Structure formats: structure tokens, C-alpha cells
Amino acid sequence: MTAEKPEPSAPAPTDFIRDIVAAHVAEHRYPRIVTRFPPEPNGYLHIGHAKSICLNFGIARENRGQCNLRMDDTNPTKEDVEYVESIIADVQWLIAGWADHCLGFKLKGQTPEMRPVDGQPDFYLAATAAMPGGAPPSALALEPFYASDYFGQIYDYALTLIRKGQAYVCDLSPEETERYRGSPDQPGMDSPFRGRTVAQNLDLFQRMKAGEFPNGARTLRARIDMTAPNIWLRDPVIYRIRHAEHHHTGAAWCIYPMYDFAHCLSDYIEGVTHSICTLEFEVHRPLYDWILTSLDLPRPLPHQYEFARLNVGYTVMSKRKLLQLVQEKIVNGWDDPRMPTICGLRRRGVPASALRDFAYNIGVTKFDSLTDVAVLEHSIREELNQSALRRLAVLRPVKVVLTNIPAGDVIPCTAINHPANDAAGTRPLALTREVFIEADDFQENPPPKYFRLRPGGEVRLKYACIIKCDEVVKDAAGQLVELRCTADLASRTGGPNAGRKIKGTIHWVSAVQAIDAEVRLYDRLFTVPEPGAGADFKEFINPHSLETVTAKLEPPLRTARIEERYQFERLGYFTLDADSRPDHLVFNRTITLKDAWAKAPGAK
RNA sequence: UGCCCGAUGGUGUAAUGGUAGCACAACGGACUCUGACUCCGUUUGUCUAGGUUCGAGUCCUAGUCGGGCAGCCA
């Protein structure tokens, strides 16, 4: 069980984009605020997307608006349903209980309807009513929006542009197109096909659609200005020929619109008001606006706003690099708990609320920054400290024999489930003659200020009693076999000497009752703050990013379930892994507790 | 050397012409049956040079540094 914490009552975030939205709300510029989260289904979502999701859904949520989930699927050669499914699941998980009422989905199979505005033809596709929290969209015959659902309308818009003389079919090869484009400090040259008549263009474009030409033979280009200082205004390609099966539209098309042409129109069709994207699209904004204004559309136009993408220390964020980690089996799949993917973080045990808190803390600006992982770690610990139930577990067991407790005796103890939440209750623990303690909690020749167990020293077994180390038993090779100690039963919790002052308190489990579990201890995947900065990020892979141990757990952990998160006292936060089976438990360490001792000069 | 964008402690962010604040990190202390949590405290900042103004982190000009843009990718 996990104690539910209400969403932090932090004040609503502010940032330059929310300021803009607030101003628009104040002047009633739009009847309703509509944002969208438009991933291309060619990879798994990562924590950088989480920032965008929290921004877009956050704005919708704060303004009683809606945020459409839209597959930006205009390139059939790179996309796959595997990715659309994972994207839907990740988004729903991230916003569950927070913004699911703002999530815009549509009826399955629905496409834009022709709805004249003031006598002018217009295409529009509204989201259906709000989704009940967490329900799989398929169960309700709902699905996300797809840019590919608008191919028909986008094609019509292209025809309109051609008729207005603002688009033409160009026969230049890819190489020639590049050459004609010029360079940033060198103006481009007009394509020799720029002067084709409307009739020729219409004919050629329709034949492109009909499949008469091979890949790359022709393109449709916007006719803007080959000498524009902004390269994206130098007659950009807006349609290309691709004889390829599309994951959503099948074989219906062999020409596909480019991002710039499809994106602004998709926003318009869905009635998006604020189209929020990352900084690299800033130079595309004039084109976004050019397309929309060129079409004389009857409804209010969406506008694009840009913010800086997220960078986090000691990780990589590019889809290409993440894909490489997966394909080269450096990690075990997209949801490997070391991955910065949403499903990886989820599997690792990071709660969605921690990711939201993180997004809240880092803010939104146009500054290209590198966020310290400590900020993420802080959000995770803060959330888990409040919600995770406490348990005792020993990762690297050392046997302790309590010589004054007869074998077979069971001394009942009571452990608190959550120190800050009485309602979480207590649970019984059994103190027996043999227990395990953590290897780190005993040292034969300890450094100064070490207040755990040492020969002749005392330490408290949490929730049980104080023990004194009488004897260190080693084998012929000098390896530690067991510690023989005496238990001061009068110091038992609730006993007459319970208040006896002792500096160290350590965790333990009963050797006879403890259950075994595989525990996976994760560390950062890279050894340097910016692994992606150099030529080859793989040379910075941390060889110790995963360590597996066989731990001893207190028995109630046998019934732990996925998505339940526990604090193993003094160690960190842990959660059951999907690989776990009843006869072979597997736990992931989400994150360690902060450890002031580990930083102390005396600690090894 | 074309166009666009940015620059506030170690890191991230706020201050919207009027006392440079918050978070993380670091460091010190208190508390502690988790070396956790919590609490208290400390250190560290407006890229540079001019200008406007009673007053500039904020406005203007120039420079410096950083990022983005030349896919028939998004």
C-alpha cells in the first residue's frame, strides 16, 4: 500500500508562456485555451517530453482548457505503432489524477469534418468529452489525434496554395535543391520550375498523388523567397513522394506533407490556440505563420511559442542516442530503469507526481541550460519520503548470533510503517537468535565517528533492542563468518531500558524468517555531466550502473506489487520490478537515501 | 562571417523601471530508535562598455560569450 499524497499545494507556476496565455485569457482572445502535445511516434518518450507534457497539460489544466495528444506522423519510414502505443501509455500515466480531465482524444476513426464558416469551407476536428482517469482509450473507442488523419485536408490546402500561385511542383533532385538553396550567408537561386503555370502544377501534383513518379522525382514547394535571410523561407519543400506503407493510413498515400506544412495546419484543424514547441523550431515560426496566413483561413489562427528543451546532467536525451543504447543492448530495452525514458523512470519506481514536481521546479525559459540531476533526485526523494511505507531489508547480509536468545525463541517487536503518518499503522517483526545486519554496519577497525557496530561496541537494532558485539568469528581464510553478540532485552522498544542512549541504530532482519530477493542497484548511466557533448557518448558509459545483489527482506515484502514503493530503512526507495515472479522476487532501487556519512572524511 | 534566440550565485529560476528573492547543491549546527526526514544558520550572483532616467538585472546602442538554422527528418 502506498499512502496517497494530494498534489502539492504549490502555487500555480508562472513562466513567460503562461504569462502570454494569461494575457490572452484576460482579453478573451479565445473562447477556450487549447494546447497540444505532438510527439512523432518514432521513439519512446523521455523526461524531456515530460517537461513538455507538464507544460502543455498544465496550461490546459490551469485555464480550464484542453490539451490534445497528437501523433505527428508525417514520415511513414520512421514511425511505428509500437511507439504510438507506448506514447499513449506514458502520457496517461504521467498525467493521471492531475490533468486527465484535460486530455483531448477523439472518436476512433474520426476525421475532420467540413464545416463552412461564413460561407467559406473549413475543416475542424474537435476533441470528445474528457477522459475518465486512466481508462485505456481503446475501451472507450477513443484514440489520440493523428496528423495523418488530416492528409486529405492538408492535400486540399496544398491545392489551394497552388491555385493561388503560392506553391509549385519542382523537379530538382535532392542534391540540386540543396545547391539552389544557397547557404546561410549566401542567397539561394530560383528553381527553373518556379515559373510553372497553375494548371501545370495542379496536374503534376495530382499525378504525384496518383503515384506516377518515383521517390524523390518531384516535390511540392511553397513559393516564397529564395533570397530570404531565413532559410526556411527559401521555397521550402512541403510535399515529398514516399512510396511507403504508413502505420496509420496504410497504402492510401504515396505523397506525404513535410512537418512545416502539416504541423501548423494540424494545429488549426484542431482549434489549437497555443502551439508550444522547443527552441529549434523558432526559425520555422515565420513559415508556420506564412502558411496559415496564405490560406485565408476563416477561424482564429494558432500561434507558436518556443521554450528551451530539457538537459539533465549525466544522461543523454536525444532519441538517436537512446535508440542506440537499446539497439546495442547497452541497456535492457526502452524501459530499462537506467534510461531517462518515462517508462524507464516508471519501472525504476519514480512516481509520476515526482516528475511533475520536477517539471514545476525547473521552470520554463528560453535559456539553454543543464539541469543538475540532484534536482530530479530531490523531487523523487521528497515524494517518496512522504508516500513510501517503511520496511527492513538487508542488501549485503552479515550473520549475527544473539547468544543469549535461545534458538526457536521469537521475540515480537513492532515496527512503524511511516514515521510521519500514524494512519499507516504498524506491523509485527520477529527478533530471533540469528539475524542479518548490513555488511556496512560492522567494521572491525572503524574510522573515527563511526557509530555502528564494532568489536566490543553496542548498536541498536531498530524496533528491537541494543546488542553488544562480543566476538568476531572468521574462517581459515580470514573471512567474516558471523558476529556473536548479546542482546540487552531490557532495552527493547517499550521496555524498562528503552530510553538508553546509544548513538547507532541499524536495520536488520530475522535470519529464519527473512525471504530472499534479487535487488537491482542502479547508478547513473554515464560518468560525466555531459556525455552527449563529445564525439562518442558511449565512452562515458558507467560500467557500474547496475549491480545485482541477493538481499534478505522482511516477510511482508513477499506480497509487494508493481507500482508500490517502499523505503528500505536507511538504504533507499525500492519497488517491485516487472521481472519479479512469486518464487523469485526482483526489486529495483529507485534511489538511495541521502547519506551524510558516505561523504564524511572517515568513510571509505 | 547571413538570420533568429539567449546571458542573474556552483546549478536552475524569480524580480514586468523602485530593498536582487526562491529552489537544488555545498558547508556548519540542532534534533533523531533511519548518519534519513525536519528545523536553524552560512557562503556564493545581475557578461562587458557606454547611454536614457531621480533611480537600470529590467529600456537603448555597441561589443563579448553561448545556442539554433543550409533533410525530400521532426
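Numbering follows the numbering used here, in which position 528 of the first sequence is assigned residue number 1979; successive positions increment by one, without gaps. For each residue, glycine too, the CB sits at the ideal point set by N, CA and C. All figures in this text were calculated on a predicted structure; none of them were measured in a lab.
Output yes or no for whether 8 Å exceeds the beta carbon distance between residue i and residue j.
i: M1659; j: R1669; result: yes
i: K1502; j: A1803; result: no
i: M1709; j: T1525; result: yes
i: P1737; j: W1683; result: yes
i: N1493; j: E1530; result: yes
i: I1917; j: D1891; result: no
i: Y1601; j: P1567; result: no
i: D1987; j: R1798; result: no
i: K1817; j: E1909; result: no
i: R1674; j: A1618; result: yes
i: T1937; j: N1812; result: no
i: R1789; j: I2042; result: no
i: G1499; j: L1671; result: no
i: H1694; j: N1666; result: yes
i: G1800; j: D1786; result: no
i: I1692; j: D1711; result: no
What does residue i pair with, by DSSP beta-bridge criteria?
i: M1565; result: F1574
i: V1620; result: L1671
i: S1838; result: S1838 pairs with nothing; no bridge assigned.
i: P1863; result: A1881
i: I1992; result: F1977
i: I2042; result: Y2024
i: V2037; result: E1969
i: F1758; result: T1729
i: I1888; result: V1849 and W1959
i: Y1707; result: R1691
i: Q1517; result: V1485
i: I1917; result: R1911 and D1939
i: H1497; result: T1792
i: S1804; result: Looking at the DSSP assignment, S1804 forms no beta bridge with any residue, so it has no partner.
i: S1717; result: According to DSSP, which records beta bridges pairwise, S1717 is partnered with nothing at all.
i: M1522; result: Y1597
Can you tell me whether residue i is buried or exposed? The criterion is at least 16 other CB atoms within 10 Å of its CB, across all chains shown.
i: H1725; result: buried
i: H1479; result: exposed
i: E1455; result: Note that E1455 scores a pLDDT of 34, beneath 50, so its modelled location is shaky and nothing firm can be said.
i: N1896; result: exposed
i: Q1778; result: exposed
i: M1565; result: exposed
i: F1656; result: buried
i: G1560; result: exposed
i: G1950; result: exposed
i: F1556; result: buried
i: P1490; result: buried
i: R2077; result: With the chain running from 1452 to 2055 in the structure shown, residue 2077 is simply not present.
i: L1821; result: exposed
CB-CB under 8 Å to residue i, same chain, minus the five flanking residues each way: which ones, in chain order?
i: L1880; result: L1843, P1863, C1864, T1865, A1866, Y1914, A1915, S1961 and E2005
i: N1868; result: L1840, R1841, A1875, G1876, T1877 and R1878
i: V1542; result: F1488, L1496, I1504, L1520 and L1554
i: V1824; result: V1763, G1764, Y1765, T1766 and R1975
i: V1476; result: I1484 and N1514
What does a CB cutoff of less than 7 Å around residue i pick up in its chain, not counting 5 residues either side in sequence?
i: D2030; result: V2037
i: P1459; result: Low confidence applies to P1459: its pLDDT is 46, below 50, so where it sits in the model is not reliable enough to give any reading.
i: G1784; result: V1777
i: N1993; result: D1974, R1975, L1976, F1977 and T1978
i: V1649; result: I1613, R1614 and G1616
i: E1828; result: I2042
Give me the Cβ distance between residue i and residue j, rounded to the nearest whole Å; I'm assuming they're in contact under 8 Å.
i: T1766; j: L1976; result: 6 Å
i: V1963; j: L1846; result: At roughly 19 Å, the Cβ-Cβ gap does not stay under 8 Å, so V1963 and L1846 are not in contact.
i: L1934; j: F1893; result: 6 Å
i: P1751; j: Y1575; result: Going by Cβ atoms, the distance from P1751 to Y1575 rounds to 12 Å, so no, they are not a contact pair.
i: G2023; j: P1899; result: About 26 Å separates the two Cβ atoms, so there is no contact after all.
i: L1623; j: F1644; result: 7 Å
i: T1486; j: I1793; result: Contact doesn't hold; Cβ gap of about 19 Å is too wide.
i: T1646; j: R1685; result: Strictly speaking, residue 1646 in this sequence is Gly, with Thr absent from that position. Contact doesn't hold; Cβ gap of about 16 Å is too wide.
i: R1903; j: L1853; result: The Cβ separation is near 17 Å, so there is no contact.
Kindly list the residues whose CB is nearer than 6 Å to the CB of residue i, restricted to its own chain and excluding five residues on each side of it in sequence; keep chain order.
i: I1605; result: P1708, A1713 and L1716
i: R1483; result: G1516
i: R1911; result: I1917, I1953 and T1956
i: F2025; result: Y2017, F2019, F2038 and R2040
i: S1830; result: A1805, D1808 and F1809
i: S1745; result: Q1617
i: H2035; result: none
i: R1512; result: A1550 and C1553
Give a single yes or no on whether residue i has its beta carbon closer than 7 Å to a heavy atom of the ligand ATP.
i: T1944; result: Absent from the structure shown: the ligand ATP. Ligands present: none.
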